[in-house]
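For reference, the structure is listed below as structure tokens.
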Amino acid sequence: MLNFYSGPSKLAPAVSKELQENLSDDTRHPFLEISHRSKDVVGLFTEAEQLFRSLFNVPDAFDILFTHGGATLQFSAIPMNLCFHNQGNVGVINSGRWSALALIEIEKWCQGEAIASSQPNHFNELPPTPRLEQDYDYIHICTNNTIHGTQFHTIPRFNCPLVADMSSEIGSRPIDWSLYNIVFAGFQKNLGSAGGGIVIVRREAIIKQKNVPSLMNYNNLIAKQSMWNTPPVFAVYSCLLTLRWMQASGGITHFEQERMIKSNMLYTTLEDCHHFSLPIKSDHRSHHNVVFEANEETIEEQFLQAALQADILGLQGHRSRGGLRASIYNAHTQDEVEQLCQFIRDFDQKV
Ligand SMILES: Cc1ncc(COP(=O)(O)O)c(C=O)c1O
Numbered sequence: 003m004l005n006f007y008s009g010p011s012k013l014a015p016a017v018s019k020e021l022q023e024n025l026s027d028d029t030r031h032p033f034l035e036i037s038h039r040s041k042d043v044v045g046l047f048t049e050a051e052q053l054f055r056s057l058f059n060v061p062d063a064f065d066i067l068f069t070h071g072g073a074t075l076q077f078s079a080i081p082m083n084l085c086f087h088n089q090g091n092v093g094v095i096n097s098g099r100w101s102a103l104a105l106i107e108i109e110k111w112c113q114g115e116a117i118a119s120s121q122p123n124h125f126n127e128l129p130p131t132p133r134l135e136q137d138y139d140y141i142h143i144c145t146n147n148t149i150h151g152t153q154f155h156t157i158p159r160f161n162c163p164l165v166a167d168m169s170s171e172i173g174s175r176p177i178d179w180s181l182y183n184i185v186f187a188g189f190q191k192n193l194g195s196a197g198g199g200i201v202i203v204r205r206e207a208i209i210k211q212k213n214v215p216s217l218m219n220y221n222n223l224i225a226k227q228s229m230w231n232t233p234p235v236f237a238v239y240s241c242l243l244t245l246r247w248m249q250a251s252g253g254i255t256h257f258e259q260e261r262m263i264k265s266n267m268l269y270t271t272l273e274d275c276h277h278f279s280l281p282i283k284s285d286h287r288s289h290h291n292v293v294f295e296a297n298e299e300t301i302e303e304q305f306l307q308a309a310l311q312a313d314i315l316g317l318q319g320h321r322s323r324g325g326l327r328a329s330i331y332n333a334h335t336q337d338e339v340e341q342l343c344q345f346i347r348d349f350d351q352k353v
């Protein structure tokens, strides 16, 4: 079976094997069944934090938090921690649904506005970098747009700090920490299983205010090493195993090279097809979410049917966008992507 779902998505085989073993009766550390205050679980969180810090070269000025609620909860938690209620001012680069949803949550807490948007182009390209007319507490950017298949290959620079949603690209290129007050992501694409997320926050940027819900207050999470209440232990365990696998595979540099090769294979294949087209502007295309379209609706249906029969899953586009999409993350091998390319070539010739 080949799995190209956008998330939750394929785990590295070494990770899923170890997760399965952990669920067996004779495991010595059954992380689903022991107290989160036990030495084993505290050790698991500490190792995950240290490993993330060393793999991503996170400077001391940042704290690393493991959180509930995926990436979406952070759309609300971030303005609450970085902006004064009703006074803060946030700019959002609207490159698609995930940044638009973040803006809705920001506006519930303080001022928010889209300072650039590619909506008029149906999000088939990235918005141009705007000139700022005023100062913002931060600018929210989604670096890789899972639904629309666009990606900022160069991160825009401003005079104010960025907050970046890296949910669908984290772990596939180095991060320039000088640009950010926060980088965050849900686990379920490149960092493990669903149910948790990671927030890397510049300590000095956090504002102290009383009306932030306790579980969303970053100072609480920092003080309690991400264990303000019972944390998503098994999801963090999956993250730790993924980080160990990333380190053993050669770290971020390795995955950065891999993603170029894999996405290039797929885009080149699609460019050569008669029955498919690529709607996204070429230099804005994502290395992870390859969005494509069949030139006729009936061909799209036939393609999805044929893929199912060939045991290839997850090629349907997001329900809000339609079309087709293949998501390729760190866990996908070049061989798996080549098998997909061969399937596409064969289908294109036969139909
Ligand atoms: C870029 C991006 N941001 C945010 C989210 C929302 O993540 P979650 O479902 O973990 O809240 C997703 C989900 O796919 C995403 O791709």
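If you number the sequence shown the way the numbering used here does, the last residue is 353 and the count never jumps.
The beta carbon of each residue, even a glycine, is placed where N, CA and C say it ideally should be.
Proximity below 9 Å, CB of residue i to CB of residue j
i	j	result
Phe305	Phe349	yes
Asn91	Tyr138	yes
Ser361	Arg287	Residue 361 is absent from the structure shown; the chain starts at 3 and stops at 353.
Gly9	Thr148	yes
Met82	Asp313	no
Leu134	Pro163	no
Gly316	Ser11	yes
Gly199	Phe64	no
Ile202	Phe54	yes
Ala250	Leu84	no
Gly197	Gly325	no
His87	Ser174	no
Ser119	Asn146	no
Ala50	Leu223	no
Leu25	Leu13	no
Phe160	Ile172	no
Gly253	Leu57	yes
His256	Val353	no
Coil, strand or helix - residue i by DSSP
i	result
Phe68	strand
Thr271	helix
Phe154	coil
Leu317	coil
Ala225	helix
Ser180	helix
Gln89	coil
Phe257	helix
Glu127	coil
Gly45	helix
Ser329	strand
Asp216	For clarity, residue 216 is Ser in the given sequence; the question names Asp instead. If DSSP states are grouped into helix, strand and coil, Ser216 belongs with the helices.
Phe54	helix
Ser119	strand
Arg205	helix
Ala312	coil
Asn147	strand
Asn231	coil
Asn192	coil
Asn83	helix
Residues bridged to residue i (per DSSP)
i	result
His142	Val94 and Val165
Leu342	Paired residues: none, contrary to the question.
Glu295	Ser279
Ala237	Answer is none; Ala237 lacks a bridge partner.
Glu20	DSSP lists no partner for Glu20.
Glu109	In DSSP, Glu109 forms no bridge with anything.
Arg287	Thr152
Ile301	None, per the DSSP bridge assignment.
Val185	Ala166 and Ile202
Check: residue i C-beta below 8 Å from any heavy atom of ligand 3
i	result
Lys12	Only ligand 1 can be found as ligands here, which leaves ligand 3 out of the picture.
Cβ distance (whole Å) where residue i is taken to contact residue j below 8 Å
i	j	result
Phe189	Ser240	7 Å
Asn192	Asn332	5 Å
Phe6	Ile330	7 Å
His150	Arg323	7 Å
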